[in-house]
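Under UniProt numbering, the sequence shown has 30 at position 30, and the numbering climbs by one with no breaks. Before any comments, here is the structure.
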Amino acid sequence: MRARSTPAHLKVSSYTRISESTTPPRVKTAANYHNSRLAALEARVDGYDNAVQLNHRGTVAEAPDACMAIVRDGRLITPPVFAGLLESVTRSTVLQLAAETLGIPVEEREVDRSELYVADEAFLCGTGAEITPVVSVDRIEVGTGRPGPLTQQLQEAYYRVVRGTVEDHAEWRTPVYERTGARFPAVGASMS
Numbered sequence: 001m002r003a004r005s006t007p008a009h010l011k012v013s014s015y016t017r018i019s020e021s022t023t024p025p026r027v028k029t030a031a032n033y034h035n036s037r038l039a040a041l042e043a044r045v046d047g048y049d050n051a052v053q054l055n056h057r058g059t060v061a062e063a064p065d066a067c068m069a070i071v072r073d074g075r076l077i078t079p080p081v082f083a084g085l086l087e088s089v090t091r092s093t094v095l096q097l098a099a100e101t102l103g104i105p106v107e108e109r110e111v112d113r114s115e116l117y118v119a120d121e122a123f124l125c126g127t128g129a130e131i132t133p134v135v136s137v138d139r140i141e142v143g144t145g146r147p148g149p150l151t152q153q154l155q156e157a158y159y160r161v162v163r164g165t166v167e168d169h170a171e172w173r174t175p176v177y178e179r180t181g182a183r184f185p186a187v188g189a190s191m192s
């Protein structure tokens, strides 16, 4: 499987992620997207691919369109949902694959802004982002400035599962059918 070819350069946004005392950030609602949109626009205007938002406590929440994770000393570290994240199916999938399939220790805890700068690796994960390596934050290289080995292993494991090239976690996949006449064969299936 091919991994995403374009790693991301992020900036820490000046727009603080909405807090539980305003609109619950765990809820997927249109009202919650305005805050994230401002952060994304700010990042693009400043020459970055995306932003990372801090929460009202000053710790990492998430990117406007994806969850954030870092790798330090062989451990995958991600902010907990109470840090201001949308509860993400992709995030849960990635954490489970890291721990169960790859044997990577997973830690859910608050992540300080400075940890983004000293991380060995970083990546975004979400429906659209899938697993996108992060190679710099605020123009400071993350690790070697290239996608890291654990991120690449996670990408490959993720793609194998979601694309069905392995039997693991078949319950996570929903068949997609192409409408052809009165039949709905699996995409790519023979029509004879």
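All C-beta atoms, glycine included, are put in the ideal place defined by N, C-alpha and C. Values in this document were obtained by computation on a predicted structure and should not be read as measured data.
> Less than 8 Å separating the beta-carbons of Ile70 and Glu108?
Replying inline: Cβ atoms of Ile70 and Glu108: not closer than 8 Å.
>> Just verifying my parser: in three-state terms, what is the DSSP assignment at Val135?
In response: The DSSP-derived three-state label of Val135 is strand.
> Quick one: what does DSSP say Thr101 is sitting in, helix, strand or coil?
Replying inline: Correct three-state label for Thr101: helix.
> Taking the beta strand (DSSP E) that Val111 falls in, what are its first and last residues?
Replying inline: Here Val111 belongs to no beta strand (DSSP E), and DSSP marks it neither H nor E.
> In three-state terms, what does DSSP make of Tyr159?
Replying inline: If DSSP states are grouped into helix, strand and coil, Tyr159 belongs with the helices.
>> I'd like to check one pair, Cys67 with Thr59: are the Cβ atoms closer than 8 Å?
In response: The answer is no: Cβ separation not under 8 Å.
>> What does the alpha-carbon distance come out to for the pair Asp138 and Ala43?
In response: A straight line joining the alpha-carbon of Asp138 with that of Ala43 spans about 10 Å.
>> Could you tell me the alpha carbon to alpha carbon distance between Met1 and Leu154, rounded to whole angstroms?
In response: Legend: pLDDT at Met1 = 40, less than 50; position of this residue unreliable, no value from coordinates given.
> Going by C-alpha distance, which of Arg113, Thr93 and Val106 is nearest Ala51?
Replying inline: Nearest in C-alpha terms to Ala51, of all of Arg113, Thr93 and Val106, is Arg113.
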